[in-house]
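Participant: Sharing a structure here in structure tokens format.
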Amino acid sequence: MSALAGAPFWAAASGGTLAVFALLAANLPPRRVIDIEPEPEADEAVDVGALVEAACASVPAALDLPLFLLGRDGSVIFQNRAAERLFGPVPHGAHITARLRSPGILDMVRETMTTGEPNQIEHSERLPSDAVYVVRIAPLARVLPEADGAHYVLSLRDISELRRIDRMRSDFVANASHELRTPLASMRGFIETLQGPAKDDTRARERFLSIMLDQATRMSRLVDDLLSLSRLEVKSHIAPDSIVDLVPLIGKVRDSLAPLAEELGVEIVMDAPQGKVEVAGDPDELVQVFENLMENACKYGQEGKKVEVRIANEPGRPVEVAIRDYGPGIPAEHVPRLTERFYRVNVEASRSRKGTGLGLAIVKHILTRHRARLVVRSQEGQGSEFTVRF
Numbered sequence: 609m610s611a612l613a614g615a616p617f618w619a620a621a622s623g624g625t626l627a628v629f630a631l632l633a634a635n636l637p638p639r640r641v642i643d644i645e646p647e648p649e650a651d652e653a654v655d656v657g658a659l660v661e662a663a664c665a666s667v668p669a670a671l672d673l674p675l676f677l678l679g680r681d682g683s684v685i686f687q688n689r690a691a692e693r694l695f696g697p698v699p700h701g702a703h704i705t706a707r708l709r710s711p712g713i714l715d716m717v718r719e720t721m722t723t724g725e726p727n728q729i730e731h732s733e734r735l736p737s738d739a740v741y742v743v744r745i746a747p748l749a750r751v752l753p754e755a756d757g758a759h760y761v762l763s764l765r766d767i768s769e770l771r772r773i774d775r776m777r778s779d780f781v782a783n784a785s786h787e788l789r790t791p792l793a794s795m796r797g798f799i800e801t802l803q804g805p806a807k808d809d810t811r812a813r814e815r816f817l818s819i820m821l822d823q824a825t826r827m828s829r830l831v832d833d834l835l836s837l838s839r840l841e842v843k844s845h846i847a848p849d850s851i852v853d854l855v856p857l858i859g860k861v862r863d864s865l866a867p868l869a870e871e872l873g874v875e876i877v878m879d880a881p882q883g884k885v886e887v888a889g890d891p892d893e894l895v896q897v898f899e900n901l902m903e904n905a906c907k908y909g910q911e912g913k914k915v916e917v918r919i920a921n922e923p924g925r926p927v928e929v930a931i932r933d934y935g936p937g938i939p940a941e942h943v944p945r946l947t948e949r950f951y952r953v954n955v956e957a958s959r960s961r962k963g964t965g966l967g968l969a970i971v972k973h974i975l976t977r978h979r980a981r982l983v984v985r986s987q988e989g990q991g992s993e994f995t996v997r998f
């Protein structure tokens, strides 16, 4: 007996749904009846084939991959819930062009219906948002000869996130290369000058060597930050399990930055509750977070002359650490992109303050590992506040 013989879900296709695609139908076990050990009062039997068919019938609807079942003329016989969410409901029997109007997709569908060969293309959507799909069509006859090439499965796999990650990786390599190339070119130029025209110029040699040291230090910071990001990405899915008291930890960070703050003419004011404020975390990584945020507040909020660090531990609310400066603030259009790698509001200002463009990206990765959030509030002319919410 063929896999289709007596299969009620296949028979339902003529009524409109072809409830299970042939991929599922071809693998159904032969229908058989198993006697269950009878209870004292009753004798019962379970129809395993019927149970399997009923379970398989719901599989396409449950998949998160948008699927259409098409007839030989391109009419829609069935669409699952994921396809309905993406394109809206398509009336039974309507042509696929009622929802898909891409010439590339329609040409692919026609080619498969003509040749009987599976096919796929990559399709991009711009509205309502950028999205990229791998659209594939295959005839059911390849799985189930009884289908006689009369039906086709059209699927769409969303690869938008993969493409976004690829772009981020490419941008990251390009930006890192650029950031390293600039100081290397500068150092090479000074070395060539010292070997040539300034070979015997003592004053020029001292000045050039000082600049070269700054450039080498900048490259070292950049490499250190790149390595930190790499290490964080490897363990981003592992939440820390040690307990950290934030009050002494942040106090030590403030003390370590006191010389820098004094040099910049900035006062760091700390407001912490009495007693312990404990969170689950990695102490070294949290030191890196608060060092970065407090150092940025001192450097970029230098005009305000004051940085406030407030630790909040109110009952029934998440623990928060807010770091506020009274500098020039950040224009609203830049705020959503602050944690992107190498993103700078002002490139020259960042480089003059010896920034690598990776500090807030590292903060974001560390907080993600700690299941915490970074909330940024800023208003031009009134300063900025960076809040870590555990």
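Throughout, the numbering used here is defined as the position within the sequence shown, counted from one, plus 608.
The beta-carbon is built from N, C-alpha and C at its ideal position, and this holds for glycine as well.
Which partner residues of Pro747 appear in the DSSP bridge assignment?
Facilitator: As a position in the sequence shown, residue 747 is number 139, starting the count at 1. BP columns for Pro747 point to Tyr760.
Participant: Mapping the DSSP letters down to three states, classify His930 as helix, strand or coil.
Facilitator: Along the sequence shown, one-based indexing puts residue 930 at 322. With the sequence shown as reference, residue 930 is identified as Ala, and His is not the correct amino acid for it. Here Ala930 sits in strand by DSSP.
Participant: Following the continuous alpha helix (DSSP H) through Asp774, name the residue where it begins and the one where it ends.
Facilitator: If you number the sequence shown from 1, residue 774 lands on position 166. Run containing Asp774: Ser768 to Gln803, per the alpha helix (DSSP H) assignment.
Participant: Within a Cβ cutoff of 6 Å, which residues of the same chain sit near Pro784, ignoring the five residues on either side of it in sequence?
Facilitator: Locating residue 784 in the sequence shown gives position 176, where the first residue counts as 1. It is Ala, not Pro, that sits at residue 784 in the sequence shown. None.
Participant: From Ala690 to Met716, what distance separates their C-alpha atoms?
Facilitator: On the sequence shown, position 82 is the one that residue 690 refers to. On the sequence shown, position 108 is the one that residue 716 refers to. Answer to the nearest angstrom: the Cα atoms are 21 Å apart.
Participant: Could you tell me if Pro637 is buried or exposed, where buried requires 16 or more neighbouring beta carbons within 10 angstroms of its beta carbon?
Facilitator: Looking up residue 637 in the sequence shown gives position 29. Confidence at Pro637 is low in this model, with a pLDDT of 44, below 50, so the placement of that residue is unreliable and no value is reported for it.
Participant: Reducing DSSP to helix, strand and coil, say where Ile851 ends up.
Facilitator: Position 243 of the sequence shown holds residue 851. Ile851 falls in the strand class under three-state DSSP.
Participant: What's the gap between the Cα of Asn921 and the Cα of Glu911?
Facilitator: To locate residue 921, count along the sequence shown from 1; it is residue 313. To locate residue 911, count along the sequence shown from 1; it is residue 303. C-alpha separation (whole angstroms): 30 Å.
Participant: Are Pro881 and Ile919 closer than 8 Å when you measure CB to CB?
Facilitator: In the sequence shown, counting from the first residue as 1, residue 881 sits at position 273. In the sequence shown, counting from the first residue as 1, residue 919 sits at position 311. Yes, the Cβ-Cβ distance between Pro881 and Ile919 is below 8 Å.
Participant: Go ahead and pull the three-state DSSP assignment for Gly989.
Facilitator: On the sequence shown, position 381 is the one that residue 989 refers to. In the structure shown, Gly989 sits in coil (DSSP, three-state: anything other than H, G, I, E or B).
Participant: Just to check my reading of the structure: Leu975 and Val897 have Cβ atoms closer than 8 Å, yes? What is that Cβ distance to the nearest angstrom?
Facilitator: The residue you call residue 975 lines up with position 367 of the sequence shown. The residue you call residue 897 lines up with position 289 of the sequence shown. That pair is a contact at about 7 Å.
Participant: Just verifying my parser: in three-state terms, what is the DSSP assignment at Gln882?
Facilitator: Taking the first residue of the sequence shown as position 1, residue 882 is located at position 274. Of the three classes helix, strand and coil, the one that applies to Gln882 here is coil, per DSSP.
Participant: How is the beta strand (DSSP E) around Phe1002 delimited, first residue to last?
Facilitator: Past the edges of the chain, shown from 609 to 998, lies residue 1002, and the structure says nothing about it.
Participant: What's the C-alpha gap between Ser850 and Glu899?
Facilitator: Counting from one through the sequence shown, the residue named residue 850 turns up at place 242. Counting from one through the sequence shown, the residue named residue 899 turns up at place 291. Answer to the nearest angstrom: the Cα atoms are 20 Å apart.
Participant: Inspect the CB distances between the segment 763 to 771 and the segment 804 to 811 and report whether three or more fall short of 8 Å.
Facilitator: Because the criterion of three Cβ pairs below 8 Å is not met, the segment 763 to 771 and the segment 804 to 811 do not touch.
Participant: Report the rounded CA-to-CA distance for Val943 versus Val917, giving the unit in angstroms.
Facilitator: By 1-based counting over the sequence shown, the position of residue 943 is 335. By 1-based counting over the sequence shown, the position of residue 917 is 309. Approximately 20 Å, taken between the alpha carbons.
Participant: Keeping to the same chain, check which residues put their C-beta closer than 6 Å to that of Asp879; ignore five residues upstream and five downstream.
Facilitator: Along the sequence shown, one-based indexing puts residue 879 at 271. Closer than 6 Å at the Cβ level, and outside the excluded window around Asp879, lie Arg918.
Participant: With a threshold of 8 Å on Cβ separation, who are the neighbours of Ala739 within its own chain once the five nearest residues in sequence on each side are excluded?
Facilitator: Residue 739 sits at position 131 when you count from the first residue of the sequence shown. Contacts found: Ser732, Glu733, Asp766 and Ser768.
Participant: Do Thr964 and Leu830 come within 8 Å of each other at the CB atom, strictly closer than that value?
Facilitator: The residue given as residue 830 occupies position 222 in the sequence shown. The residue given as residue 964 occupies position 356 in the sequence shown. Yes, they are a contact pair.
Participant: Would you say Leu854 reaches chain B, if we count a Cβ-Cβ gap shorter than 8 Å as a contact?
Facilitator: The question asks about chain B, but that chain is absent: this structure has only one protein chain.
Participant: To the nearest angstrom, how far is it from the Cα of Thr1008 to the Cα of Ile799?
Facilitator: Nothing can be reported for residue 1008: it is not among the residues displayed for the chain, which extend from 609 to 998.
Participant: If you follow the alpha helix (DSSP H) that Arg826 is in, where does it begin and where does it stop?
Facilitator: Here residue 826 refers to the residue found at position 218 when the sequence shown is read from its first residue. Thr810 to Val842 is the span of the alpha helix (DSSP H), which, as asked, contains Arg826.
Participant: Classify Ile919 as helix, strand or coil using the three-state DSSP reduction.
Facilitator: For the purposes of this step, residue 919 is taken as the residue at position 311 of the sequence shown. Looking at Ile919 - three-state DSSP - the assignment turns out to be strand.
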